[in-house]
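Working notes, beginning with the structure itself.
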């Protein structure tokens with residue numbers, strides 16, 4: 004087990020600096036254009052693929068960093084560049100992790116390469132879980148998967164929403180209900196291969212922020228996938244459902260919702276995204292305050308501005324420490340006895356909203372225009388308190404964990 008440390012190794016610093024250079028030289032110059040276009044920045048994703056950032060190998064190397072700091076460090080630097088473009092680069096990782104966590108070796112080897120493509124022909128993947136009536140309440144999911152034993156196929160019907168890369172993905176990973184009586188315990192995940200009949204893109208959302216990231220509904224109309232596309236295989240699913248049914252009959256043990264537990268483990272990465280956006284806005288505000296003169300002196304000489312910057316930096320550093328602690332705990336198998344994952348996401352996301360708003364205030368009228376990036380950063384920051392569990396859900400998770408109440 005790696006000791007917790009706030010000092011990055013030389014190798015980690017090298018990776019951080021490499022990512023920072025890519026964010027500064029490639030992502031930032033393109034940020035305003037793709038925000039205005041509200042389109043997937045394929046040329047930037049291709050550049051990321053050429054240098055090795057957009058790949059499973061890079062993601063896996065950071066994920067298995069024994070200190071746990073590889074992923075949060077990478078997320079912070081990429082999202083420091085721009086949140087919308089960065090989400091387009093890392094969004095495929097959501098689907099890849101779903102396959103890595105639940106799939107067989109054969110499924111991992113078959114489908115993950117098809118999610119990324121290669122530098123000459125990049126692809127993206129989508130993870131489809133949320134539904135119009137099932138966001139925070141995953142137990143209300145309605146998308147059904149029915150097994151056709153005669154053909155060894157699963158038939159999927161339903162509508163997914165808020166899917167990053169939904170409809171444009173080469174591979175979709177879809178969570179569906181296989182046994183409605185078991186609630187969230189009756190869910191399973193399926194691969195929907197490229198060009199499968201019945202899968203279509205529904206509404207593409209025009210968003211307040213992260214506009215370079217494609218977000219859309221995914222419609223599943225009698226989508227048939229081979230039995231081999233059930234992640235983990237049918238034997239494993241049948242055994243899991245049997246255990247859940249037995250526990251339901253006994254009416255005893257209340258098991259923590261598996262989806263909620265997965266989100267709890269992944270939330271520090273979202274916190275790191277928020278830290279990157281907050282840090283970017285703070286740096287713009289600091290430079291502006293040092294160079295902008297009013298009444299014959301830089302505005303940072305004014306206590307009202309200086310104190311805001313002091314609070315901004317303090318909150319950013321505190322958020323990063325919470326993210327790093329939770330990330331170290333997760334990789335080293337330390338239980339989140341106080342919902343440390345949710346703590347890190349809650350504090351970092353709220354910090355991003357506050358810091359980006361303060362940055363606009365420090366820049367005054369200039370901060371309110373698109374001539375400066377802080378207004379875009381403020382729009383982008385709003386998503387962090389919403390996706391991967393709203394701030395209200397984070398507080399609920401923390402409170403229930405402290406009280407010893409199961410999270411359902």
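Numbering (the numbering used here), first residue to last: 4 to 411. Here a beta-carbon is modelled for each residue, glycine too, at the ideal position from N, C-alpha and C.
Give me the Cα-Cα distance between residue i and residue j, rounded to the nearest whole angstrom.
i, j, result
"residue 394", "residue 152", "43 Å"
"residue 384", "residue 226", "36 Å"
"residue 377", "residue 370", "6 Å"
"residue 206", "residue 382", "21 Å"
"residue 407", "residue 342", "11 Å"
"residue 256", "residue 188", "The predicted position of residue 256 is uncertain, since its pLDDT is 45 and thus under 50; a value taken from the coordinates is nonetheless stated next. Cα to Cα, the separation comes out at about 13 Å."
"residue 50", "residue 89", "12 Å"
"residue 337", "residue 71", "12 Å"
"residue 280", "residue 176", "28 Å"
"residue 106", "residue 13", "34 Å"
"residue 328", "residue 399", "20 Å"
"residue 291", "residue 308", "11 Å"
"residue 234", "residue 295", "56 Å"
"residue 326", "residue 318", "12 Å"
"residue 221", "residue 147", "14 Å"
"residue 112", "residue 103", "10 Å"
"residue 330", "residue 367", "36 Å"
"residue 204", "residue 223", "9 Å"
"residue 157", "residue 115", "20 Å"
"residue 98", "residue 194", "9 Å"
"residue 312", "residue 74", "27 Å"
"residue 253", "residue 247", "10 Å"
"residue 310", "residue 42", "38 Å"
"residue 306", "residue 285", "17 Å"
"residue 361", "residue 344", "26 Å"
"residue 130", "residue 241", "23 Å"
"residue 208", "residue 219", "6 Å"
"residue 259", "residue 237", "Low confidence applies here, because residue 259 scores a pLDDT of 44, under 50, leaving its location unreliable; read the following figure in that light. About 23 Å."
"residue 40", "residue 34", "10 Å"
"residue 264", "residue 339", "Bear in mind that the predicted position of residue 264 carries a pLDDT of just 49, short of 50, making it too unreliable to give a figure here."
"residue 302", "residue 315", "16 Å"
"residue 396", "residue 20", "35 Å"
For the alpha helix (DSSP H) containing residue i, name the first residue and the last one.
i, result
"residue 319", "306-334"
"residue 175", "Premise fails: residue 175 lies in the beta strand (DSSP E), 174-180, not in any alpha helix (DSSP H)."
"residue 18", "13-25"
"residue 122", "First-last for residue 122: undefined, no H or E at that position."
"residue 66", "59-66"
"residue 4", "It is not in any alpha helix (DSSP H) - residue 4 carries neither H nor E in the DSSP assignment."
Counting along the chain, where does the beta strand (DSSP E) carrying residue i start and finish?
i, result
"residue 224", "218-229"
"residue 194", "190-195"
"residue 162", "156-167"
"residue 207", "202-207"
"residue 350", "Taken as a continuous stretch (DSSP letters only), residue 350 belongs to no beta strand (DSSP E), being part of the alpha helix (DSSP H) at 343-366."
"residue 400", "It is not in any beta strand (DSSP E) - residue 400 instead sits in the alpha helix (DSSP H) that spans 394-406."
"residue 29", "From DSSP, residue 29 is part of no beta strand (DSSP E); its letter is neither H nor E."
"residue 151", "147-151"
Suppose contacts are defined by Cβ-Cβ distances below 8 Å. Is residue i in contact with residue j by that definition?
i, j, result
"residue 45", "residue 215", "no"
"residue 269", "residue 391", "yes"
"residue 85", "residue 31", "yes"
"residue 127", "residue 56", "no"
"residue 29", "residue 18", "no"
"residue 380", "residue 283", "yes"
"residue 160", "residue 217", "no"
"residue 155", "residue 229", "yes"
"residue 352", "residue 387", "yes"
"residue 95", "residue 118", "yes"
"residue 52", "residue 136", "no"
"residue 22", "residue 81", "yes"
"residue 5", "residue 335", "yes"
"residue 165", "residue 192", "no"
Where does residue i land, buried or exposed, given buried means 16+ other C-beta within 10 angstroms?
i, result
"residue 149", "exposed"
"residue 271", "buried"
"residue 101", "buried"
"residue 143", "exposed"
"residue 299", "exposed"
"residue 349", "buried"
"residue 9", "exposed"
"residue 24", "exposed"
"residue 261", "Any reading at residue 261 is ruled out, since the residue's pLDDT is 43, under 50, leaving its predicted position unreliable."
"residue 405", "exposed"
"residue 16", "exposed"
"residue 65", "buried"
"residue 26", "buried"
"residue 293", "exposed"
Since I believe residue j is in contact with residue i (beta carbons under 8 Å), could you give me their beta-carbon distance rounded to a whole number of angstroms?
i, j, result
"residue 190", "residue 180", "6 Å"
"residue 322", "residue 354", "5 Å"
"residue 232", "residue 196", "7 Å"
"residue 251", "residue 202", "So it is not a contact: roughly 32 Å between Cβ atoms."
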